[in-house]
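Novice: In UniProt numbering, the protein residues as written are 1 to 314.
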Amino acid sequence: MPSDTPLPRELGVPSSKPLAGGEGQNLPMNADGRGTGLTPGVLSLCLWAEPASLSGLLRTTDPRAPACLGCTDHWPTCWLSFRGIKLRLASFRQQVQLGGCGILGVGIWLAATQGNFATLSSSFPSLSAANLLIVTGTFVMAIGFVGCIGAIKENKCLLLTFFVLLLLVFLLEATVTVLFFAYTDKIDRYAQRDLKKGLHLYGTPGNVGLTNAWSIIQTDFRCCGVSNYTDWFEVYNATRVPDSCCLEFSESCGLHAPGTWWKAPCYETVKMWLQENLLAVGIFGLCTALVQILGLTFAMTMYCQVVKADTYCA
């Protein structure tokens, strides 16, 4: 279409005239709200605001859009792609924040109702399920918040921060997974040794969390001790076990009748339970990794688009 072809007045949009460099300048509307009828060549325009159709071609009242986005005559694909990335990143950060909120909520609930539940390690007394969930949930929510603000404001610094934090989490998870499988035997020996040391804190003042954790594990998994029930003999310096080791719980049942005690070792029992659920754990891990990779992709793509826009608009 020639550059001097006037826009039909029934479109009701303001016109623009070309300036040097292919950009344009908006012209005022007529009194009836219609355009003045002047228009530049069609290939020098790109959409940024609401489009109007003209002979199958789309136009805009803001002809600076092509320079800002770096697109030429294929602006619809460029603009829609940018908007799609922004929407996908917004959807991803919502999922991240919801996940973080859920983890934080479970951690707070455990801390409020179960005390320091699952504090089994004597070397790391603060390494409880509640504390781990609270720290993890807070960190995940913070990452989601950074991504949210970065996507809304199209801020390069926040988008890059979101990308780096998410990348660090991904690399940390991958490193822990590789090290776990590479040093399984050493981890087994260290864990059993540390758990046996923790048995000596059972029932002592200030170790309510550890005491509750062992009682729940031995009752639910029907086991006794780390390697076997004789681990408790060293703790009590006598032939006795906690009452949670009894097949049928009763007061002071651990003081007599060894035939009524659970014989299965707790460490191997819990380990076997984890192996039986390894498929579910693996699927969860793969889904988590996939979501994180998608988040990294969307964040970096949007960051590059914003950098390109700033470069062209500078």
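Ideal Cβ positions, reconstructed from N, Cα and C, are used throughout, including at glycine.
Classify Cys224 as helix, strand or coil using the three-state DSSP reduction.
Specialist: Correct three-state label for Cys224: coil.
Novice: Return helix, strand or coil for Trp261, following the three-state DSSP convention.
Specialist: Trp261 falls in the strand class under three-state DSSP.
Novice: Of all the CB atoms in chain C, is at least one closer than 8 Å to the CB of Gln192?
Specialist: Here chain C cannot be found, since the structure has a single protein chain.
Novice: Any contact between the segment 273-288 and the segment 148-157? By contact I mean 3 or more CB pairs, one from each, below 8 Å.
Specialist: Flag = no, the segment 273-288 and the segment 148-157 do not touch.
Novice: Can you tell me the Cα-Cα spacing of Ser215 and Val106, whole angstroms?
Specialist: So the two alpha carbons sit approximately 21 Å from each other.
Novice: With distance defined between alpha-carbon atoms, name the residue in Arg222, Leu247, Leu255 and Gln292 nearest to Phe233.
Specialist: Cα-wise, what sits closest to Phe233 is Leu255.
Novice: For Cys246, write down the residues that DSSP places opposite it in a beta bridge.
Specialist: DSSP lists Trp261 as partners of Cys246.
Novice: Under a Cβ-count criterion, where at least 16 other Cβ atoms within 10 Å of its own Cβ denotes burial, should Pro258 be classed as buried or exposed?
Specialist: By the neighbour-count rule (16 or more Cβ atoms within 10 Å), Pro258 is not buried but exposed.
Novice: On the three-state DSSP scale, how would you describe Glu154?
Specialist: Note: Glu154 maps to coil in three-state DSSP.
Novice: What is the DSSP secondary structure of Ser252, counted as helix, strand or coil?
Specialist: In the structure shown, Ser252 sits in coil (DSSP, three-state: anything other than H, G, I, E or B).
Novice: How long is the line joining the alpha carbons of Val235 and Arg193, rounded to whole angstroms?
Specialist: Each residue's Cα considered, the two are about 14 Å apart.
Novice: For Gly203 and Asp231, what's the separation of their Cα atoms in angstroms?
Specialist: Distance between the alpha carbons of Gly203 and Asp231 is about 15 Å.
Novice: Using C-beta distances below 6 Å, list every residue in its chain close to residue 320, excluding the 5 sequence neighbours before and after it, in chain order.
Specialist: Limits of the chain in this structure are 1 at one end and 314 at the other, which puts residue 320 out of reach.
Novice: Tell me whether the beta-carbon of Ile152 lies closer than 8 Å to the beta-carbon of Leu104.
Specialist: No, the Cβ-Cβ distance between Ile152 and Leu104 is not below 8 Å.
Novice: Taking Gly206 as part of the alpha helix (DSSP H), name the residues at either end of that continuous run.
Specialist: Unbroken run through Gly206: none, as it is neither H nor E.
Novice: Comparing alpha-carbon positions, which option in Leu132, Lys197, Leu171 and Thr136 lies nearest Gln292?
Specialist: The option with the nearest alpha carbon to Gln292 is Leu171.
Novice: Look at the alpha carbon of Ala182 and the alpha carbon of Leu195, and state the distance between them as a whole number of angstroms.
Specialist: So the two alpha carbons sit approximately 21 Å from each other.
Novice: Could you give the distance in angstroms between the alpha-carbon of Ile149 and the alpha-carbon of Cys253?
Specialist: Using only the alpha carbons, I get a separation of about 59 Å.
Novice: Leaving out five residues before and five after Thr211 in sequence, what residues of the same chain have Cβ atoms less than 7 Å from its Cβ?
Specialist: Closer than 7 Å at the Cβ level, and outside the excluded window around Thr211, lie Tyr202 and Gly203.
Novice: When you compare only the Cα positions, how much space is there between Asp220 and Ala309?
Specialist: Distance between the alpha carbons of Asp220 and Ala309 is about 59 Å.
Novice: Along the alpha helix (DSSP H) that carries Thr239, what are the first and last residues, could you check?
Specialist: That residue, Thr239, is in no alpha helix (DSSP H); it is neither H nor E in DSSP.
Novice: Can you give the Cα-Cα distance for Phe180 and Trp109, rounded to whole angstroms?
Specialist: In a straight line, the C-alpha of Phe180 is about 29 Å away from that of Trp109.
Novice: Could you compute how far the alpha carbon of Leu98 sits from the alpha carbon of Val307?
Specialist: Distance between the alpha carbons of Leu98 and Val307 is about 29 Å.
Novice: Is it buried or exposed for Ala299, if we count other Cβ within 10 angstroms and need 16 for buried?
Specialist: That one is buried.
Novice: Short check: CB of Thr239 to CB of Leu247, under 8 Å?
Specialist: No; because the gap between Cβ atoms is not below 8 Å, this pair is not in contact.
Novice: Contact check, Gly137 vs Cys101 under 8 Å by CB: the rounded distance?
Specialist: Indeed they touch by this definition, with Cβ atoms about 7 Å apart.
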